[in-house]
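Only one structure is covered here, and it is reproduced in the block below.
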Amino acid sequence: MLTQQVAVWKKEIFGDLIELLEKYSVVAVADLQKVRSSQIQEIRKKLRGKAELIVAKNTILLKAAESIASKKGNIDKFASDLTGSKVLIFTQMNPFELTIFLGKNKVRVPAKGGDIATSEIVVPAGNTGLQPGPVISEFNEAKVQTRIEGGSIFVAKDSVVARKGDVISTKTASLISKLGMKPMEAGLALSYAYDNGLVFGPDDLAFDLDQMKNEFASAARLAFGVAVEAGIMLPETAPVIISKAYRQAVAVSVEAGFLTKNTTELIIQRAYRSMNALSAAISAVKPEALATQETASEVPAEGKG
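So this is what it looks like as structure tokens:
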């Protein structure tokens, strides 16, 4: 009886896989290791309307892939490289969009003993909703100060029970779970993906989005600078190139003393600065020369009688 039920279940999964493989252009794979069933359910909710998620053994996936290999190039090769039970994600998003989406939609889960704290875990001050009992000793072991008030355990002040990078003990994990805290962030990490005949491995799918943004921004700035320097007229570069050309034309006109309505004032200012500089230089060498000149200019001219 059990054997028959398993056979029926496998047949249903097989049929579902064929239907999904024909419906979607992208198949992504995530390992089941370290993935909890509750986590899969949460991620399934977040993917609703964007993708379908199913757990299947690689042997069933391979048989389904081989049955439609003539319709989807390389799908059988993709399936043959997989081992063990996998989380399969079927979607129309390309693998990189899916990777980004999963990264932005991780779920909060309770901590387990042995987990590494990804951030500081703080038990907040206030009513825990727990009744006094053996659990008080767990608070004491975690060095969380408490008091009894109104038949409930109150945390006296915000208390750090684990810092980023700490290994969370089983007792600490038990305590914060009783408090309803979900300090761990979990999500599916893609290991392989298939997209219209192309197969992507772990190295292809592992990328830092912020780093890529910075690299693209840096490349864009460099390209913009080269285009401006080379005088390549584009909608983005034209204003800068025209402004640069105008400044250079004005500078050449001022240097040559070419008078226009845009250069006259600049030329006069330049001449005035040159005069002051020359005056200062003469004064430094022969102060009396300037003094004599100033005295002479003050003597009134004799009138004719």
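Here my numbering is used: the first residue of the sequence shown is 65, the next is one more, and so on.
A virtual CB, placed ideally from N, CA and C, is assigned to each residue, including glycine.
All values derive from a computational prediction rather than experimental measurement.
Contact between the segment 227-238 and the segment 160-173 is defined here as three or more beta-carbon pairs at a separation below 8 angstroms; is this criterion met?
The segment 227-238, when compared against the segment 160-173, does not touch it at the 8 angstroms Cβ threshold.
The alpha helix (DSSP H) that contains E300, what's its start and end?
It is not in any alpha helix (DSSP H) - E300 carries neither H nor E in the DSSP assignment.
Over what stretch of residues does the beta strand (DSSP E) that includes A120 continue unbroken?
From DSSP, the beta strand (DSSP E) with A120 extends over 115-121.
Here's the rule I'm using: 16 or more other beta-carbon atoms within 10 Å means buried, otherwise exposed. How should L84 be labelled?
Counting Cβ neighbours within 10 Å, L84 comes out buried, since at least 16 surround it.
Could you tell me the distance, in whole angstroms, from the CA atom of F322 to the CA atom of V349?
Between F322 and V349, the C-alpha separation is close to 32 angstroms.
Measure the CB-CB distance between A94 and L254 and report whether it falls below 8 angstroms.
The answer is yes: Cβ separation under 8 angstroms.
Compare the Cα-Cα distances from E106 to each of I240, L166, E202, P266 and report the closest residue.
When only C-alpha atoms are compared, the closest one is L166.
On the criterion of 16 or more Cβ atoms from any shown chain inside 10 Å, does V70 qualify as buried, or is it exposed?
Here the model assigns V70 a pLDDT of 47, short of 50, so the residue's position is not dependable, and the following value carries that caveat. V70 is exposed by the Cβ-count criterion.
What are the start and end residues of the beta strand (DSSP E) that includes Y88?
Unbroken run through Y88: none, as it is neither H nor E.
Here's the rule: buried if 16 or more other CB atoms are within 10 angstroms of the residue's CB, otherwise exposed. What is I306?
Exposed.
Taking the straight line between their C-alpha atoms, what separation do you get for R311 and M248?
Taking the straight line from one Cα to the other gives about 58 angstroms.
Under the three-state reduction of DSSP, which class applies to S223: helix, strand or coil?
Three-state DSSP puts S223 in a strand.
For P196, does the count of other Cβ atoms within 10 angstroms reach 16, so buried, or fall short, so exposed?
When all chains shown are included, P196 counts as exposed.
Can you tell me whether D145 is helix, strand or coil according to DSSP?
D145: coil per DSSP, three-state reduction.
Could you pull out every residue in the same chain whose Cβ sits closer than 6 angstroms to the Cβ of I118, ignoring the five residues on either side in sequence?
The residues are L152.
Going by beta carbon distance, what residues of the same chain come within less than 8 angstroms of N122, once the five residues before and after it are set aside?
Closer than 8 angstroms at the Cβ level, and outside the excluded window around N122, lie A143, L146, T147, G148, S149, K150.
Measuring straight from C-alpha to C-alpha, what distance separates K75 and L126?
C-alpha separation (whole angstroms): 13 angstroms.
Looking at the structure shown, is M245 part of a helix, part of a strand, or coil, going by DSSP?
Of the three classes helix, strand and coil, the one that applies to M245 here is coil, per DSSP.
Given a cut-off of 8 angstroms, decide if A220 and Q209 are closer than it, judged by their beta-carbon atoms.
Taking 8 angstroms as the Cβ cut-off, Q209 and A220 qualify as a contacting pair.
Based on the DSSP output, what are the partners of N191 in its beta bridges?
In DSSP, N191 forms a bridge with F218.
Helix or strand or just coil, what does DSSP make of L81?
Helix, per DSSP.
Just the Cα atoms here: how many angstroms apart are E300 and E293?
Their backbone Cα atoms lie some 13 angstroms apart in a straight line.
Taking only the alpha-carbon atoms, compute the straight-line gap between Q192 and P198 and give it to the nearest angstrom.
The sequence shown places Thr at residue 192, not Gln. If you take the alpha carbons of T192 and P198, they lie about 14 angstroms apart.
In terms of residue numbering, what span does the beta strand (DSSP E) encompassing P210 cover?
A small correction: the amino acid at residue 210 is Thr; Pro does not occupy that position in the sequence shown. Run containing T210: 210-213, per the beta strand (DSSP E) assignment.
Going by the CB atoms, is the gap between K87 and F160 shorter than 8 angstroms?
The answer is no: Cβ separation not under 8 angstroms.
Could you give the distance in angstroms between the alpha-carbon of D259 and the alpha-carbon of D268?
Approximately 13 angstroms between the Cα atoms of the pair.
With distances taken from CA atoms, which of A128, T163, F78, G79 is nearest A115?
Comparing Cα-Cα distances from A115 to each of A128, T163, F78, G79, the minimum goes to T163.
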